[in-house]
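For the sequence shown, the working numbering gives the first residue as 50, with consecutive numbering after it. Cβ coordinates follow ideal geometry from the N, Cα and C atoms, glycine included. Some notes on the structure that comes next.
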Amino acid sequence: MMRTGLLLPYGASCRRVSSWLAAEAGYSEAAALEKKELTRCLIEGNAPVLQLSVPVEGSNRALRTLSGLTPESIDADSIILSEHGHWRRVHTAAWETAYRSMPFFEHYAGPLLSAIATARTLGELLRGAAEPIRQVCTEPLVKELTELQRLYPERIARLREERCDGVNDSLSAFDLLFRLGPETIFSLWPAL
């Protein structure tokens, strides 16, 4: 079973999800999370990219204790989301504007948009927002790709290279998910 305690940041970057998959597959330990990474993400926007930031009660003081912790040890349920700046409406509009025309938006956006609309704590937001990524990066698929990586490293490397063409590792993995759907894992699979 995938480790449910391993949190992904809000709108986790392709780089972060790739690191998470490497930890899930047993290739490496989960990388430490930085406080800004937990509540900020980059998506496609009017400018080259748009940064979305989730406000929390207590601002930096609340997040300061989280910086550098491992994904397994963070108590994100103790951090209350703020209603400052109508962020829920702004984020929903930003995600929809940037990705509604993508082929897989309707298939995977539901849990993300629902988490934005209803989450009371950072933990609820992170778990809800990560659900579409977990739907594509399932335990059986991670195990299968791990075995294929071991047996056919050249083929997996070629497949990953094909799917990674034009991928911006700093953008949210949702950028890939809304474009590639079920094939997203091939672009996110750790480069070893």
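**Message:** Does Met51 come out as helix, strand or coil in the three-state DSSP assignment?
**Reply:** With a pLDDT of only 43 at Met51, under the threshold of 50, the placement of this residue in the model should not be trusted; the figure read from the coordinates follows. DSSP places Met51 in coil when its eight states are reduced to three.
**Request:** From the DSSP output, read off the bridge partner residues of Arg89.
**Result:** Bridge partners of Arg89: Ser102.
**Boundaries of the alpha helix (DSSP H) in which His135 is found, first to last residue** = No alpha helix (DSSP H) holds His135; DSSP gives it neither H nor E.
**Request:** Report yes if the C-beta distance between Thr141 and Leu162 is below 7 Å; otherwise report no.
**Result:** yes
**Message:** Please classify Ile129 as buried or exposed, where buried requires at least 16 other C-beta atoms within 10 Å of its C-beta.
**Reply:** exposed
**Asked** Taking all protein chains shown into account, do 16 or more other C-beta atoms lie within 10 angstroms of the C-beta of Ser62, making it buried, or fewer, making it exposed?
**Response** buried
**Asked** Would the beta-carbon of Val103 fall within 7 Å of that of Thr88?
**Response** Yes; because the gap between Cβ atoms is below 7 Å, this pair is in contact.
**Item:** Distance, Asn217 Cα to Gly60 Cα
**Value:** Taking the Cα positions, Gly60 is about 14 Å away from Asn217.
**Request:** Identify whether Ile128 lies in helix, strand or coil by the three-state DSSP scheme.
**Result:** coil
**Prompt:** DSSP on Thr187, reduced to helix/strand/coil?
**Reply:** In the three-state reduction of the DSSP assignment, Thr187 falls in the coil class.
**Message:** Assuming contact is defined by CB atoms lying nearer than 7 Å, are Asp126 and Thr167 in contact in what I supplied?
**Reply:** no
**Request:** Have a look at the DSSP bridge pairing and note the partners of Ser62.
**Result:** Answer is Ser221.
**Request:** Give the straight-line distance between the Cα atoms of Gly177 and Asp214, rounded to the nearest whole angstrom.
**Result:** 28 Å
**Request:** Compare the C-alpha of Ser236 against each of Arg64, Ala74, Arg149 and name the closest.
**Result:** Arg64
**Message:** With a threshold of 6 Å on Cβ separation, who are the neighbours of Pro91 within its own chain once the five nearest residues in sequence on each side are excluded?
**Reply:** Residue 91 is actually Leu in this sequence, not Pro. The answer, listed in chain order, is Val98, Gln100, Ser219, Leu220.
**Asked** Does the pairing of the stretch 225-233 with the stretch 151-161 give three or more beta-carbon distances under 8 Å?
**Response** Below 8 Å, enough C-beta pairs join the stretch 225-233 and the stretch 151-161 to call them touching: three or more.
**Asked** In chain order, what residues of the same chain have a beta carbon less than 7 Å from the beta carbon of Leu208, not counting five sequence neighbours either side?
**Response** Hits under 7 Å: Phe235.
**Asked** Can you list, in chain order, the residues of its chain whose CB lies under 7 Å from that of Thr53, leaving out five sequence neighbours each side?
**Response** Note that Thr53 has pLDDT 42, beneath the 50 cutoff, so the model's placement of it is unreliable and the number below is only indicative. Around Thr53: no qualifying Cβ.
**Message:** Distance check for Leu56 and Gly172, CA to CA, integer angstroms please.
**Reply:** 8 Å
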